[in-house]
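Residue numbers (the UniProt record's numbering): 1 to 342. Here is the structure we will look at, set down as structure tokens.
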């Protein structure tokens, strides 16, 4: 198996929208419509699936969600699939997906973050298909800050393309925009200055390896299963090592610390040449900060650990391609992540 990159999207191609986890409530459908129109403005035809109900925490029964996702990912007429956003329990889809069929099918871009890590990371590990850990559909209308890219830019890039992203130096420290009251909001409120932070030591970092990772709260539940064998992926696809990224959605520091310890014990970080940790708004605990939690769990690996990267639940978003070759540089004056689709 080698990393498989879906063909780049071109005007006229179709983009599928489905909710493998949470759907969209009626009060937020106006924002969904705005996001769909923005994708259509790129020249794509958008196909919205049936699994979109937002009345509960799941858009449809597991069999229906798995069936619709499988249909979109194996339809040669659909070039990319993106959810409106994440959710909570996409884990129930994993035993219902036909992984052999996905491995044999022409690869399709799968995009998202948060609970989508539950599906995207195994899809890369089990089938070799590159996936995009980036902004979901409901966030797509936001104007992308200078230095970053949208998932729409990445899925249109050809195999072999190399791109570099740099942090914009500002982020949103509190709150979220009200999509119900302002469905057409397009400007991020980036109210706080911030840069990447090396946690394990002082000094410059330069490291390379294939990229793999995702949301801590969802991936920790897959450790020890066949769906998250990162070590096997590293041996087959990146014997020189990996760049592993993780991010905390909202759990407190004690919970994140335990989860990262468990992931480390299960071998998730064994091949890491460096670890990128997403900026988080999750709470510290009484005697443990989020940074301290990461260092407590991952410090024993003796590899560079860089925190406050824009790859999590705090806007803006730095999309990362699972499976791509990566090179991270972090110094006192320069921070960047370069990805190559080969």
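Positions of the beta carbon are idealized from the N, C-alpha and C atoms, including for glycine.
**Q.** residue 247 classed as buried or exposed, judged by whether at least 16 other C-beta atoms fall within 10 angstroms
**A.** Buried is the call here.
Q.
Restricting to runs no shorter than 4 residues, where is the alpha helix (DSSP H) found entirely within the segment 22 to 72?
A. The qualifying runs are 29 to 41.
Q) Which value, in whole angstroms, describes the spacing of the CA atoms of residue 34 and residue 224? A) So the two alpha carbons sit approximately 40 angstroms from each other.
Q. Rounded to whole angstroms, how far is the Cβ of residue 228 from the Cβ of residue 122, which I believe are closer than 8 angstroms?
A. The Cβ separation is near 7 angstroms, so the contact holds.
Q: Measure the CB-CB distance between residue 156 and residue 318 and report whether it falls below 8 angstroms.
A: No, the Cβ-Cβ distance between residue 156 and residue 318 is not below 8 angstroms.
Q: Can you grab the Cα-Cα spacing for the pair residue 158 / residue 45, in whole Å?
A: Their backbone Cα atoms lie some 20 angstroms apart in a straight line.
Q | Separation of residue 238 from residue 5, as counted between CA atoms | A | Distance between the alpha carbons of residue 5 and residue 238 is about 16 angstroms.
**Q.** Rounded straight-line distance, which links the Cα of residue 163 to that of residue 298
**A.** Within the model, the alpha-carbon separation for residue 298 versus residue 163 is close to 28 angstroms.
**Q.** Close-in-space but distant-in-sequence residues of the same chain around residue 204 (CB under 6 angstroms, 5 per side omitted)
**A.** Excluding residues within five positions, the ones whose Cβ falls inside 6 angstroms are 331.
Q: Check whether the Cβ atoms of residue 266 and residue 242 lie closer than 8 angstroms to each other.
A: Not a contact, by the Cβ cut-off of 8 angstroms.
Q.
Report the CB separation of residue 167 from residue 210 in whole angstroms; it is logged as a contact under 8 angstroms.
A. In fact, because the Cβ distance is near 22 angstroms, the residues do not count as touching under 8 angstroms.
Q: Could you name the residues of the same chain whose beta carbon sits closer than 6 angstroms to that of residue 154, not counting the 5 residues immediately before and after it, in chain order?
A: Apart from sequence neighbours up to five positions away, the residues of its chain that approach residue 154 with a beta-carbon distance below 6 angstroms are 132, 319, ordered along the chain.
Q. Would the segment 327 to 341 and the segment 184 to 203 be scored as touching if the rule is three or more Cβ pairs under 8 angstroms?
A. Segments in contact, yes.
Q.
Tell me the rounded alpha-carbon separation between residue 262 and residue 93.
A. Approximately 23 angstroms between the Cα atoms of the pair.
(Q) Let me confirm a value: residue 286 is counted as buried when at least 16 other C-beta atoms fall within 10 Å, else exposed. Which label applies? (A) Answer is exposed; the Cβ neighbour count stays below 16.
Q: Report the residue from 118, 95, 310 whose alpha carbon sits nearest the alpha carbon of residue 169.
A: Comparing Cα-Cα distances from residue 169 to each of 118, 95, 310, the minimum goes to 310.
(Q) Is the separation between the beta-carbon of residue 280 and that of residue 326 shorter than 8 angstroms? (A) Taking a C-beta distance under 8 angstroms as the contact criterion, residue 280 and residue 326 do not qualify as a contact pair.
Q) What number of angstroms, rounded off, separates the C-alpha of residue 165 from the C-alpha of residue 50? A) If you draw a straight line from the Cα of residue 165 to the Cα of residue 50, it is about 35 angstroms long.
Q) Where in the segment 129 to 206 do unbroken runs of the alpha helix (DSSP H), each at least 4 residues long, occur, reported from the N-terminal end onward? A) Entirely contained in the segment 129 to 206, the alpha helix (DSSP H) runs reaching 4 residues are, in chain order, 151 to 155.
Q) Is the distance from the Cβ of residue 116 to the Cβ of residue 179 below 8 angstroms? A) For residue 116 and residue 179, no; Cβs fall outside 8 angstroms.
Q | N-terminal and C-terminal residue of the alpha helix (DSSP H) that residue 232 is part of | A | That run of the alpha helix (DSSP H) goes 230 to 237.
Q) Which first and last residues belong to the beta strand (DSSP E) in which residue 246 is found? A) Taken as a continuous stretch (DSSP letters only), the beta strand (DSSP E) holding residue 246 covers 242 to 247.
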